[in-house]
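Heads up, the sequence shown is in my numbering, so the first residue is 3 and it goes up one at a time. All residues carry an ideal CB built from backbone N, CA and C; glycine is no exception. Since we're looking at a predicted model, the values are computed, not measured. To start, the structure under review is shown below, and the notes come after it.
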Amino acid sequence: MAESQTELDLSYIASVTRVRAAAGVVLRDQTGRVLVVHPTYKDVWEIPGGVVEPDESPADACTREIREELGLSMPAGTLLCVDWVPASPPWDGGLMFVFDGGVLTTDQIATMRLCPDELNRFEFVEPERLGEVLIPRLARRVTAAIAAIGHGGIYLEDGAAPSIR
């Protein structure tokens with residue numbers, strides 16, 4: 003009996019939905035503009051961050067990505083939002099975490115060093131211009147994350163607050 007129960011448990015576990023996870027950070031300059039970065043391997047702008055690696059928490063992934071991509075040692079900060087992103091083959095659905103990295107000092111900005119294998123440019127963009135720079139879903143996510151600063155985290159679906167069903 004115990005053996006068949008174990009097989010049932012493993013079968014069930016194997017059938018449970020798996021999702022990818024990524025973590026990003028909203029970093030601002032002293033005028034409130036948002037840091038966006040340009041990956042070397044894409045033709046779009048993003049916020050700093052990346053995929054959560056095996057056995058890594060989203061906060062740890064964010065902290066690691068800040069260090070790897072920007073050369074800054076700082077914690078991820080407060081969770082601003084979690085965004086459920088539906089599957090878009092070949093990608094499975096995913097959970098995208100956005101943390102508040104706070105306001106960078108002039109010294110932090112001056113010492114930022116982009117990882118040349120990953121990023122080739124950065125820019126600080128006014129929040130109202132994010133829709134001109136980021137893909138629509140990411141612009142919605144980052145705009146919602148900025149609105150959540152100081153108000154607690156929010157849950158999104160595909161970059162927007164889910165409608166009441």
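Query raised in the report: Does DSSP classify Glu71 as helix, strand or coil?
Result: The DSSP-derived three-state label of Glu71 is helix.
Query raised in the report: Between the C-alpha atoms of Ala141 and Glu71, what's the straight-line distance to the nearest angstrom?
Result: It is roughly 20 Å from the alpha-carbon of Ala141 to the alpha-carbon of Glu71.
Query raised in the report: Grouping DSSP H, G and I as helix and E and B as strand, with all else coil, what is Leu132?
Result: The answer is helix: DSSP assigns Leu132 an H, G or I state.
**Report entry** Enclosing alpha helix (DSSP H) for Ala78 [first to last residue]
**Finding:** Judged by DSSP secondary structure, Ala78 falls outside any alpha helix (DSSP H); it is assigned neither H nor E.
Query - Through-space distance from Pro88 to Glu55, alpha-carbon basis - result: The alpha-carbon atoms of Glu55 and Pro88 are separated by roughly 20 Å.
Query - Inside the stretch 28-109 only - beta strand (DSSP E) runs reaching at least 3 residues - result: As far as the stretch 28-109 is concerned, its whole beta strand (DSSP E) runs of at least 3 residues are 36-41, 51-53, 81-87, 96-105.
**Report entry** the stretch 150-167 contacting the stretch 77-85, beta-carbon criterion three pairs below 8 Å
**Finding:** As far as the Cβ criterion goes, the stretch 150-167 touches the stretch 77-85, which means the pair count is three or higher.
**Report entry** Where Arg22 falls: helix, strand or coil (DSSP)
**Finding:** The answer is strand: DSSP assigns Arg22 an E or B state.
Query raised in the report: By Cβ distance, which residues of its chain are closer than 6 Å to Ala163, with the 5 residues on each side in sequence left out?
Result: Beyond the five residues adjoining it in sequence on each side, Ala163 comes within less than 6 Å, by CB distance, of no other residue in the same chain.
Query raised in the report: Per DSSP, which one or two residues make a beta bridge with Ala112?
Result: None; Ala112 has no bridge partner.
Query raised in the report: Is any beta-carbon of chain B found at less than 8 Å from that of Val84?
Result: Of the protein chains in this structure there is only one, and it is not chain B.
Report task. Tell me, please, whether the stretch 85-103 touches the stretch 11-28 by the rule of three or more beta-carbon pairs shorter than 8 Å. Result -> At 8 Å Cβ cutoff, the stretches touch.
Query - From Ala146, Asn122, Leu37, Ser13, residue whose alpha carbon lies closest to that of Gly103 - result: Ranking the options by Cα distance to Gly103, first place goes to Leu37.
**Report entry** Chain-order list of residues whose beta-carbon lies under 6 Å from that of Leu29 (same chain, five-residue window excluded)
**Finding:** Hits under 6 Å: Leu37, Gly103, Leu106.
Query raised in the report: Under 8 Å, do Pro50 and Gly73 count as touching if we go by C-beta distance?
Result: The answer is no: Cβ separation not under 8 Å.
Query - Buried or exposed by the 16-neighbour rule on C-beta atoms within 10 Å, applied to Trp1 - result: Residue coverage of the chain in this structure runs from 3 to 167, which leaves residue 1 outside it and unanswerable.
Requested in this report: Check the DSSP bridge columns for Glu159 and list the partner residues they point to.
Outcome: Paired residue(s): Trp86, Ala162.
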